[in-house]
Amino acid sequence: MWGKVYTGFGYWDASAWILFFFIAAFFTLWLRSQGRSDYKKGTDQDEIYWSGNEVPEDGEDITVPASSAYWGFRKALEPFYKGLLGMHTGIATDIVGYYVIAVAFLAVFILLV
Amino acid sequence: MNWNEHLPALILIIPLFGAFIAPVCSLGGKTARNILLVAISFLTLIVAFMLWRHVLANGISYYVMGGDKFNLSLPSGMALPVRIILEVDAFSAFMALCGAIVSFAGALFSVNYMNRFTGMGRFVSLYCLLTAGMIGMMVTGDIFNFFIFIEISSIASFGLIAFWRDKPTAIEASFKYALISQVGSMFILIAAGALYGRYNMLNMAAIGSVLKMGSMEKLVLVFLVGSLAMKCGTFPMHMWLPDAYAEAPTGVTCLLVAVSQASLYGLMRVCFSIYGATMGSSFIPWMLIVFGLASMFFGVSMAVVQHEIKRLMGYHSVSQVGYMLLGLGVGLLVLDDARAMADYGFTAIKGGVFHIFNYTMYKALLFLTAGAIYYATGKKDLNEMGGLARRMPYTTFMFVIAAAAISGLPPFNGFVSKLLIYESSFAVHPFLAVVALVTSVLTLASFVKVFQTAFLGPEKSSLAKVQEVPAAMLIGMVVLTAAILGASLFPSWTLSTLVEPAARALVDQSGYIGAILGGGM
Amino acid sequence: MIGNAPFFVVGVLFLMGLLGIFMTKNLIKIAIAVSILGSSVNIFLVALGYRTGGTIPVHFLAGEGSTMVMPTPQAMTLTAIVIALATTALLLSLIMLVWRHYGTIDVDEIRRLRG
Numbered sequence: 001m002w003g004k005v006y007t008g009f010g011y012w013d014a015s016a017w018i019l020f021f022f023i024a025a026f027f028t029l030w031l032r033s034q035g036r037s038d039y040k041k042g043t044d045q046d047e048i049y050w051s052g053n054e055v056p057e058d059g060e061d062i063t064v065p066a067s068s069a070y071w072g073f074r075k076a077l078e079p080f081y082k083g084l085l086g087m088h089t090g091i092a093t094d095i096v097g098y099y100v101i102a103v104a105f106l107a108v109f110i111l112l113v
Numbered sequence: 001m002n003w004n005e006h007l008p009a010l011i012l013i014i015p016l017f018g019a020f021i022a023p024v025c026s027l028g029g030k031t032a033r034n035i036l037l038v039a040i041s042f043l044t045l046i047v048a049f050m051l052w053r054h055v056l057a058n059g060i061s062y063y064v065m066g067g068d069k070f071n072l073s074l075p076s077g078m079a080l081p082v083r084i085i086l087e088v089d090a091f092s093a094f095m096a097l098c099g100a101i102v103s104f105a106g107a108l109f110s111v112n113y114m115n116r117f118t119g120m121g122r123f124v125s126l127y128c129l130l131t132a133g134m135i136g137m138m139v140t141g142d143i144f145n146f147f148i149f150i151e152i153s154s155i156a157s158f159g160l161i162a163f164w165r166d167k168p169t170a171i172e173a174s175f176k177y178a179l180i181s182q183v184g185s186m187f188i189l190i191a192a193g194a195l196y197g198r199y200n201m202l203n204m205a206a207i208g209s210v211l212k213m214g215s216m217e218k219l220v221l222v223f224l225v226g227s228l229a230m231k232c233g234t235f236p237m238h239m240w241l242p243d244a245y246a247e248a249p250t251g252v253t254c255l256l257v258a259v260s261q262a263s264l265y266g267l268m269r270v271c272f273s274i275y276g277a278t279m280g281s282s283f284i285p286w287m288l289i290v291f292g293l294a295s296m297f298f299g300v301s302m303a304v305v306q307h308e309i310k311r312l313m314g315y316h317s318v319s320q321v322g323y324m325l326l327g328l329g330v331g332l333l334v335l336d337d338a339r340a341m342a343d344y345g346f347t348a349i350k351g352g353v354f355h356i357f358n359y360t361m362y363k364a365l366l367f368l369t370a371g372a373i374y375y376a377t378g379k380k381d382l383n384e385m386g387g388l389a390r391r392m393p394y395t396t397f398m399f400v401i402a403a404a405a406i407s408g409l410p411p412f413n414g415f416v417s418k419l420l421i422y423e424s425s426f427a428v429h430p431f432l433a434v435v436a437l438v439t440s441v442l443t444l445a446s447f448v449k450v451f452q453t454a455f456l457g458p459e460k461s462s463l464a465k466v467q468e469v470p471a472a473m474l475i476g477m478v479v480l481t482a483a484i485l486g487a488s489l490f491p492s493w494t495l496s497t498l499v500e501p502a503a504r505a506l507v508d509q510s511g512y513i514g515a516i517l518g519g520g521m
Numbered sequence: 001m002i003g004n005a006p007f008f009v010v011g012v013l014f015l016m017g018l019l020g021i022f023m024t025k026n027l028i029k030i031a032i033a034v035s036i037l038g039s040s041v042n043i044f045l046v047a048l049g050y051r052t053g054g055t056i057p058v059h060f061l062a063g064e065g066s067t068m069v070m071p072t073p074q075a076m077t078l079t080a081i082v083i084a085l086a087t088t089a090l091l092l093s094l095i096m097l098v099w100r101h102y103g104t105i106d107v108d109e110i111r112r113l114r115g
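Residue numbers (the working numbering), protein chains in the order written: chain A, 1 to 113; chain B, 1 to 521; chain C, 1 to 115.
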């Protein structure tokens, strides 16, 4: 039940990972317990530190919307995404067209090879 | 009478009965209808489980419809099976079990989720019909019946995708799916007809026993492979899939995931059991691998840039199906090479089959969490969400488990199946494993995005009144979470009891044929 | 040669149906093209059912012949016709709803879901 899964080139053992998880959790919790609980509440000490900038009152102002996530990734691969999004026209006959072309491609090549 | 032998018929009858009794039952009010929905899907699950146990213990079981006796595949001394035969081997039973679990979870979820809408009698009816069609595709041993069940499930899913018929996009998605799947089924039907014209039979096992490769058989193979690959959402033919998954009510999306797996099952049945070693060339296996790689990479790169939560997950379905095609394609590639098969081919098939189980569970769970978010907030766009972890702790917890599993983070089950696929496809060519790894990274990236924008971050003022979803929805998700955690914590047990018999049954073409034709090939 | 005529008709009809889907922008015409596609497959199945020298599989008043043809293709065709009826009805009702929501049945304009 707890045995290893052999992949032919190596193995995977869930119990070893779980053991590691507990060891890591122990160290993490131990490190956390070393923190000081005698900080002064209500002073600068429990203010949020945000790279030295002023923290806005309302958190909504500084959220990054999902459309802007991975902006750099998208920008770097712009030609790729332009082609890929251009393919997804959303027109019903185009969808059928890709399917028919794929089947035709397969049909021609399986008869050739 | 040993009624265990009637299980292949029972598993079809129960959801079909549910589909036709639902309109009557919904006269009895909301509660009666909800009880019917849950009871039918639970019974299906029980029967699927018993069928799976029965098949593992007693080998392939088959059931002859309309014959003198239910267990007589060749009546009155005929050399060919002429009746409608249901044939369930370990692979079919495994798929039916996966499908039934998902159907049960989706039904539990739908009880609350669809509570606000009218026309629920039709919903329950179509839901049961879709379950029946899906299970039918998995248990049938007859290529024409496979077409019938694929059409039953398609028609039920057109209705269910367009269930919210006041939403323009739902109608649009349903229309696109209807159009492409109608063209696809015509290709399947022409392939079934061509096989009948050539061999005078429709039984898959019997065709497999006499099949000889010629031009006609090649075209039939292409038509079947192309259409079924379209049905499970392979790359250049996947455009209907994100639309349909995103617009269907969530309980249905969850079941549609299992239905697409039924098409994948059909694809594998055609490739391994009908054609198998007689396929001759390595063209189709390589095409499956190429389709798999393309689906994986392009699917996930489309997913990264989506910002509508269910649409994003729909594109992930495309990329996950690629993994299975890769694993099973590598297995098919080395099918007649005993040494390579033992070296890495069987591992690849095991990885592919295990990934089917994992994918069905975690993708269904992901769609259910997306539906829970929609139920609680009424929003689908990730841009408008934020800070939901405080309001919906249980949903968040289950989302994290499912997202970690789909991204292949150890120790979750997705990691185990992906590991099997990486290491075996590496043996064919390192490039295959590289694409699979890159896909896994991008999968993680896009789910980090979902997690960060929907669940973390400061709370939005528009979401201040959000509450955790009701218990029945949570139970539906818990069923799938339990399946994921079970497969994660006991991977070797899952592999040896659930996956290996299925993988062995898949590659055992003579066993599949022999069960019907009495061992005489 | 003449025995293959039904199959030529099937091929021509099938291609006509397939091309019809792409040649027109009108959703109703696309639905008609899909029906033509279905009909061509049905003709294919019926044509498969003919065997030279065979007779109908009816025991009484069926003539002299004793070699009967299996009625499987006919059964398949009937099933396929029923299924085609259901899907055509669904397609047409979906087109009706599309018209109601979008105000057009031009396939190029029904693309709110894309990308």
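All C-beta atoms, glycine included, are put in the ideal place defined by N, C-alpha and C.
Use the C-beta contact count for residue i: other C-beta atoms within 10 angstroms, 16 or more gives buried, fewer gives exposed.
i	result
Thr31/B	exposed
Gly387/B	buried
Gln34/A	exposed
Met213/B	exposed
Asn145/B	buried
Gly10/A	exposed
Arg311/B	buried
Glu423/B	buried
Trp71/A	exposed
Thr481/B	buried
His316/B	buried
Asp119/C	In this structure chain C extends from 1 to 115, so residue 119/C is not present and cannot be described.
Gln182/B	buried
Trp50/A	exposed
Would you list the one or two residues that DSSP bridges to residue i?
i	result
Ser61/B	Val88/B
Glu308/B	Asp381/B
His11/A	Residue identity check: residue 11/A is Tyr in the sequence provided, not His. In DSSP, Tyr11/A forms a bridge with Tyr6/A.
Asn26/C	Asp106/C
Would you check if the distance between the CB atom of residue i and the CB atom of residue j is smaller than 9 Å?
i	j	result
Ala178/B	Leu94/C	yes
Gly266/B	Leu333/B	no
Arg33/B	Ala19/B	no
Leu51/B	Val102/B	no
Phe399/B	Thr369/B	yes
Gly184/B	Ile135/B	no
His355/B	Met313/B	no
Trp240/B	Gly3/A	no
Pro242/B	Leu113/C	yes
Thr44/B	Ile11/B	yes
Leu444/B	Gly408/B	yes
Val270/B	Leu228/B	yes
Leu585/B	Phe49/B	Only positions 1 to 521 of chain B appear in the structure, and residue 585/B is not among them; the question remains open.
Thr530/B	Val466/B	Outside the displayed range of chain B (1 to 521) lies residue 530/B, so it cannot be described from this structure.
So what does DSSP say about residue i, is it helix, strand or coil?
i	result
Val5/A	strand
Met201/B	coil
Met68/C	strand
Asp142/B	strand
Asp38/A	coil
Thr55/C	strand
Asn34/B	helix
Asp106/C	strand
Asn53/A	coil
Lys176/B	helix
Gly20/C	helix
Can you list, in chain order, the residues of its chain whose CB lies under 8 Å from that of residue i, leaving out five sequence neighbours each side?
i	result
Ser282/B	Leu333
Val479/B	Ile101, Phe104, Ala105 and Leu108
Below 7 Å CB to CB, which residues in the same chain sit around residue i once its five sequence neighbours on both sides are set aside?
i	result
Gly351/B	Gly327, Ser417, Leu420, Ile421 and Ser424
Ile81/C	Asn42
Asn38/B	Correcting the residue identity first, residue 38/B is Val in this sequence and not Asn. These residues qualify, in order along the chain: Ala107, Leu108 and Val111.
Ile171/B	Ala162 and Arg165
Keeping to the same chain, check which residues put their C-beta closer than 6 Å to that of residue i; ignore five residues upstream and five downstream.
i	result
Leu211/B	Thr278
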